[in-house]
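The next block holds one structure in the form of structure tokens; read it before the comments.
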Ligand code: 28G
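In our numbering, the protein residues as written are 392 to 1029.
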């Protein structure tokens, strides 16, 4: 008994140290993602204040020296003596879970839910943290150092008639593998918050290079939709629906575009749910039912006709669904994916959307008619695509299947899909090197010959007619589009291997667009990679090294003193052994795993980059040889 008590009290005393020992338990990881978790913690706290009516402006500033400041105009943090004898302010920053979400008060709205580990975690993982807070007419200040191990004690400064809090911190380089805050990651997260919290202003500043943006959207969901669809051609007005059922508030915006993809952005109590969940299921069911019932009421679908298929109904549709769910019903699933589990949300969304959308369709016949025509077209195209796929897949076409792949794919000998890797290689000469350099037991090579189709604006029926993509689909062997099943993939890793030049970047982009649009689960399950070939070989006599960046080359130059350098303009310049050693050998290579960290941004990037604007596209590719690091569209994750 006594021992149990002791252990418990030790745990409490060592609170912040526990965070430093196992940061992953509190912020997921210590890479760029974990780093930004620190920001989300503070942002959530500031948003919680604003959400409850305290303060309308929140500022986030990346300082010149790489530290970061969050400010709110809330009530300020209580500074008086806490039961423990310390000031409440100190407790908020040094005791785990204290003062984070203040759920214990009940009736509070909260932006977090998923994060909620609080200010103390930020302190624990910072080399220093300073808090200035205006509370009850008084300014207080406190500085912590070395993960909260040392502090300045509570300083009572001047009187004030304002209220609010300011937290300024420097992430600890001993903890994080990356400590550079990413402006675009922070900006887009704040933008999302601003869309969802009408009337609250977020000011995001980057003092490292004097960028800033002020975000405030009055008509939240409408503005959000306009932003998402900015680079697409709308096919319908924005349809806004809202209602309440069983304590659950539902807000939906929908808009058809002339694209072929379907996109849903979903939230539960302001928490993004990229994995969807019950609210999204309810939405899809309701849309399908409302449209089909409308078509029957108006005799567009006759008694003998089958219903329209859900995926046809949603072709080109962007939707945003937002649920406000009372805390006691709120339930998330999935470790990191953010999936709503609340069963009541399905019923609520379904009934609100069915009722309101049915009414809208009846009241806006012109719009409804053109939407139904679009759906019918989609159904015809899908049927044609299905037939073509069927044909390609069927036994009697095994011959043809072989034909599709013969002379192109150098397959792996092993049939172990859990180990096998597919390299998609640009050009025949690199393809040749890759074929002779590979470990043919588990590595397959598919050289690309023709141009890859830009799939951004192409329907499935056209995609499968494209020879290169058709080959790729067959190679992977897991279907395409709506019936793609990543568990059937012949390969555990699909690796894009192109030259490190702008043409190579363009091919990467085209392939990633294809995967994003037509095999998204492959990206979502981390199965798509970009190979990372070296840019230079530096040598002196028998000794040599490869450099994968200019920075690395400079370091090697110093090490070598006298040297010779050869620059690789393309994969084709490397012989089979070199290609294996530098780029393909699992023991030595670096692969960049493609992952979607920000759906909206990814959506927009894909749209912008794949649009007809060649100039814009070329500029972008010039600036970003690949998609990694600086921007968070496809985030590096070795
Ligand atoms: C600048 C960066 C992020 C914050 C507040 C306001 C209060 C608070 C924060 O209280 C302790 C526990 C429950 C009351 C609450 C002020 C109630 C009354 C607050 C922030 C004390 C935490 N007056 N603003 N914490 N509660 N802003 N911004 O963190 O009992 S944290």
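Beta carbons: idealized from backbone N, C-alpha and C, even for Gly.
Three-state secondary structure (DSSP) of residue i
i, result
"residue 486", "coil"
"residue 616", "helix"
"residue 964", "helix"
"residue 555", "strand"
"residue 978", "coil"
"residue 548", "strand"
"residue 654", "strand"
"residue 634", "strand"
"residue 724", "strand"
"residue 912", "helix"
"residue 407", "helix"
"residue 496", "Bear in mind that a pLDDT of 35 at residue 496, under 50, signals an unreliable position, so the model cannot answer this."
"residue 414", "helix"
"residue 957", "strand"
"residue 517", "strand"
"residue 560", "strand"
"residue 984", "strand"
"residue 829", "coil"
"residue 639", "strand"
"residue 693", "coil"
"residue 541", "strand"
"residue 592", "strand"
"residue 869", "coil"
"residue 803", "coil"
"residue 607", "coil"
"residue 373", "The shown model of the chain, from 392 to 1029, leaves out residue 373, and the question about it has no answer."
"residue 353", "In the structure displayed, the chain extends from 392 to 1029; residue 353 sits before or after that span and is not available."
"residue 843", "coil"
Contacting residues, own chain, Cβ-Cβ under 6 angstroms from residue i (five flanking each side not counted)
i, result
"residue 605", "594"
"residue 408", "none"
"residue 515", "407, 410, 411, 538, 539"
"residue 673", "737, 740, 741"
"residue 889", "817, 895, 898, 899"
"residue 910", "875"
"residue 521", "534, 559"
DSSP beta-bridge partners of residue i
i, result
"residue 453", "459, 597"
"residue 668", "731"
"residue 888", "816"
"residue 936", "929"
"residue 837", "815"
"residue 944", "None; residue 944 has no bridge partner."
"residue 533", "522"
"residue 646", "709"
"residue 336", "Only positions 392 to 1029 of the chain appear in the structure, and residue 336 is not among them; the question remains open."
"residue 745", "DSSP lists no partner for residue 745."
"residue 602", "597"
"residue 1033", "In the structure as shown, the chain begins at 392 and stops at 1029. Residue 1033 is therefore absent and cannot be evaluated."
"residue 625", "648"
"residue 715", "640"
"residue 771", "Residue 771 is not bridged to any residue."
Same chain only: Cβ atoms within 7 angstroms of residue i, ignoring 5 sequence neighbours per side
i, result
"residue 667", "655, 657, 730"
"residue 734", "669"
"residue 414", "421, 425, 516, 566"
"residue 571", "457"
"residue 873", "702"
"residue 968", "828"
Inter-residue CB distance, residue i and residue j (contact presumed, cutoff 8 angstroms)
i, j, result
"residue 858", "residue 839", "Actually they do not touch by this definition, with Cβ atoms about 10 angstroms apart."
"residue 983", "residue 945", "So it is not a contact: roughly 22 angstroms between Cβ atoms."
"residue 524", "residue 467", "5 angstroms"
"residue 712", "residue 671", "6 angstroms"
"residue 481", "residue 545", "7 angstroms"
"residue 460", "residue 471", "Not really, about 25 angstroms apart at Cβ, beyond 8 angstroms."
"residue 429", "residue 418", "7 angstroms"
"residue 770", "residue 814", "Incorrect: roughly 37 angstroms between the Cβ atoms, too far for contact."
"residue 832", "residue 801", "Between residue 801 and residue 832 the Cβ distance is about 12 angstroms, and since that is not below 8 angstroms, they are no contact."
"residue 883", "residue 808", "6 angstroms"
Proximal residues to residue i (C-beta, below 8 angstroms), its chain only, five neighbours per side dropped
i, result
"residue 602", "574, 596"
"residue 732", "668, 669, 722, 723, 724"
"residue 473", "479, 481, 482"
Residue i Cβ short of 8 angstroms to the ligand MG heavy atom set
i, result
"residue 515", "As for the ligand MG, it is missing from this structure, which binds only the ligand 28G."
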